[in-house]
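Q: In our numbering, the protein residues as written are 50 to 206. No residue lacks a Cβ here, since even glycine has one placed at the ideal position from N, Cα and C. My questions all concern the structure below.
Here it is as structure tokens:
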């Protein structure tokens, strides 16, 4: 209660004034009831305010910009997938063409093998003679290599 009496005292005592000075209206200090009314009114007004959206504030409008960038990125990714799909289809066509080329080459090799077999066909006895001659030649070469490695030392002993 001391605070209310201290506020009321300056209003009760007249301030010393000059005789012909213009009088101002006394300043009315708010009472407890006025303060309570202002406090409840301000909270009610605050509760009724529309909530601020961060994207509406220029500093925080980054979300809106971020959404645009995300949408553009999604479009770019979709276009990339479409290009990759087209590339895969083209690669599959190229692989199929290469497989056909390999098949044609295999057929050509098979026909060439048949022609070589018919041109160089030996009888069984002729093949045995060729094998024996190849073995004899291999033995002759091997002995000359061994003699060349050992040199004159092997011949002295």
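Does DSSP classify residue 170 as helix, strand or coil?
A: Note: residue 170 maps to coil in three-state DSSP.
Q: What's the gap between the Cα of residue 163 and the Cα of residue 188?
A: Computed Cα separation, rounded: 33 Å.
Q: Where does residue 78 sit, in a helix, a strand or coil, going by DSSP?
A: In the structure shown, residue 78 sits in coil (DSSP, three-state: anything other than H, G, I, E or B).
Q: Residue 87 to residue 116, Cα distance in whole Å?
A: Taking the straight line joining both Cα atoms gives about 42 Å.
Q: Give me the Cα-Cα distance between residue 144 and residue 138, rounded to the nearest whole angstrom.
A: The straight-line gap from Cα to Cα measures roughly 10 Å.
Q: Please report how far the alpha carbon of residue 50 lies from the alpha carbon of residue 91, in whole angstroms.
A: Residue confidence for residue 50 is low, a pLDDT of 48 falling below 50, so the modelled location carries little weight and cannot support an answer.
Q: What did DSSP end up calling residue 157 once you bin it into helix, strand or coil?
A: Residue 157 falls in the helix class under three-state DSSP.
Q: Could you check the C-alpha separation between residue 155 and residue 148 for me, to the nearest Å?
A: Whole-angstrom Cα-Cα distance: 10 Å.
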